[in-house]
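Input: a single structure, listed below in structure tokens.
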Amino acid sequence: EDQVTQSPEALRLQEGESSSLNCSYTVSGLRGLFWYRQDPGKGPEFLFTLYSAGEEKEKERLKATLTKKESFLHITAPKPEDSATYLCAVMVGYSTLTFGKGTMLLVSP
Amino acid sequence: DAGVIQSPRHEVTEMGQEVTLRCKPISGHNSLFWYRQTMMRGLELLIYFNNNVPIDDSGMPEDRFSAKMPNASFSTLKIQPSEPRDSAVYFCASSQAPSGGNEQFFGPGTRLTVL
């Protein structure tokens, strides 16, 4: 059974305090790993797709990396507006995603 | 583009009643997904359509749940009869897979409360 585990479940940072979120996966035949951001009361918002080990993608203060067993979402010098729940998901089949339960990030000013 | 549109945004109903959730995908997208999100189980795929045809409905919890996609711009998820354990946020998402990438774009969700 495909499994996606995110850690930590919750993370509290001070503004400017860099950190990383982890997404470990156990799947057969990974076709892609996806990161989403979800704000309270809203639908998930697409951030990145990573397709192969060693790949990295960046967007503003966020950088996603991928290995054969896990992905990291690095947040550099976060701001309060980065507070959200970050979800990762794996694609194994044709187009369907299996999501982790997310990491709730709170950045305090 | 307006993005994925869902209605209603909130639904409160009583146990045993029929509930219909609606979704309009992004124009030009050929894949549509229905998800359910709860605190306990997270985001779970219920059913996936490609070119209006149901491809994978293995996530549909039981026969009380049904989904249709009569055309490329409209889909419904129906629960009949509803039960309190169906209370959750239901999301619709669409994508242009595989030709346009596999990113799924989500709607704002419908928060369902069954009393």
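Sequence order for the protein chains is A and B. The opening position of the first sequence corresponds to residue -1 in my numbering, with each subsequent residue numbered one higher. The opening position of the second sequence corresponds to residue 496 in my numbering, with each subsequent residue numbered one higher. From the three backbone atoms N, C-alpha and C, an ideal C-beta is built for every residue, glycine too. Computed from a predicted model, the values in this text were never measured in an experiment.
- On the three-state DSSP scale, how would you describe R517/B? In the second sequence, counting from the first residue as 1, residue 517/B sits at position 22. It is a strand residue.
- Taking C-beta to C-beta, are H524/B and S570/B nearer than 7 angstroms? Position 29 of the second sequence, counted from the first residue, corresponds to residue 524/B. Position 75 of the second sequence, counted from the first residue, corresponds to residue 570/B. In this structure, S570/B does not lie closer than 7 angstroms to H524/B by Cβ.
- Message: Out of V105/A, F44/A, V90/A, R10/A, which one is the CA nearest neighbour of K57/A?
- Response: Against the first sequence, residue 57/A aligns to sequence position 59. K57/A has its Cα closest to that of F44/A, out of V105/A, F44/A, V90/A, R10/A.
- Query: Taking the C-alpha atoms as reference points, what is the distance between N597/B and G554/B?
  - Reply: For the purposes of this step, residue 597/B is taken as the residue at position 102 of the second sequence. For the purposes of this step, residue 554/B is taken as the residue at position 59 of the second sequence. For N597/B and G554/B, the distance between alpha carbons rounds to 20 angstroms.
- Message: Does T24/A pass the burial test, meaning 16 or more other C-beta atoms within 10 Å, or should it be called exposed?
- Response: In the first sequence, counting from the first residue as 1, residue 24/A sits at position 26. Within a 10 Å sphere around the beta-carbon of T24/A sit fewer than 16 other beta-carbons, which makes this residue exposed.
- Query: Does any residue of chain A bring its CB to less than 7 angstroms from the CB of S696/B?
  - Reply: Only positions 496 to 610 of chain B appear in this structure, which leaves residue 696/B out of reach.
- Query: Expressed to the nearest angstrom, what Euclidean distance is found between the alpha-carbon atoms of R559/B and G498/B?
  - Reply: Taking the first residue of the second sequence as position 1, residue 559/B is located at position 64. Taking the first residue of the second sequence as position 1, residue 498/B is located at position 3. Distance between the alpha carbons of R559/B and G498/B: 29 angstroms.
- Given 8 angstroms as the limit, is there contact between the stretch 575 to 589 of chain B and the stretch 527 to 547 of chain B, that is, 3 or more CB pairs closer than that? yes
- State whether the stretch 55 to 70 of chain A contacts the stretch 4 to 24 of chain A, with contact taken as three or more CB pairs (one from each stretch) at a distance under 8 angstroms. yes
- At a CB-CB cut-off below 8 angstroms, which residues of chain B make contact with S5/A? The residue given as residue 5/A occupies position 7 in the first sequence. Per Cβ cutoff of 8 angstroms: no residues; S5/A is ~14 angstroms from chain B at best.
- Message: Distance check for E539/B and M89/A, CA to CA, integer angstroms please.
- Response: Looking up residue 89/A in the first sequence gives position 91. Looking up residue 539/B in the second sequence gives position 44. Distance between the alpha carbons of M89/A and E539/B: 13 angstroms.
- C-alpha distance - Y543/B paired with T608/B, whole-angstrom precision: Position 48 of the second sequence, counted from the first residue, corresponds to residue 543/B. Position 113 of the second sequence, counted from the first residue, corresponds to residue 608/B. Y543/B and T608/B: Cα-Cα distance of roughly 23 angstroms.
- Message: Taking its Cβ as the centre, do 16 or more other Cβ atoms sit within 10 Å of E506/B, making it buried, or is it exposed?
- Response: Start at 1 with the first residue of the second sequence, and residue 506/B comes out as number 11. By the 10 Å Cβ count, E506/B comes out buried.
- Going by DSSP, which residues form a beta bridge with G52/A? Against the first sequence, residue 52/A aligns to sequence position 54. Partner(s): none; G52/A has no beta bridge.
- Task: Please determine, among M510/B, S561/B, T605/B, F601/B, the residue with the shortest C-alpha to C-alpha distance to I521/B.
- Result: Your numbering for residue 521/B matches position 26 in the second sequence. The residue with the shortest Cα to Cα distance from I521/B is F601/B.
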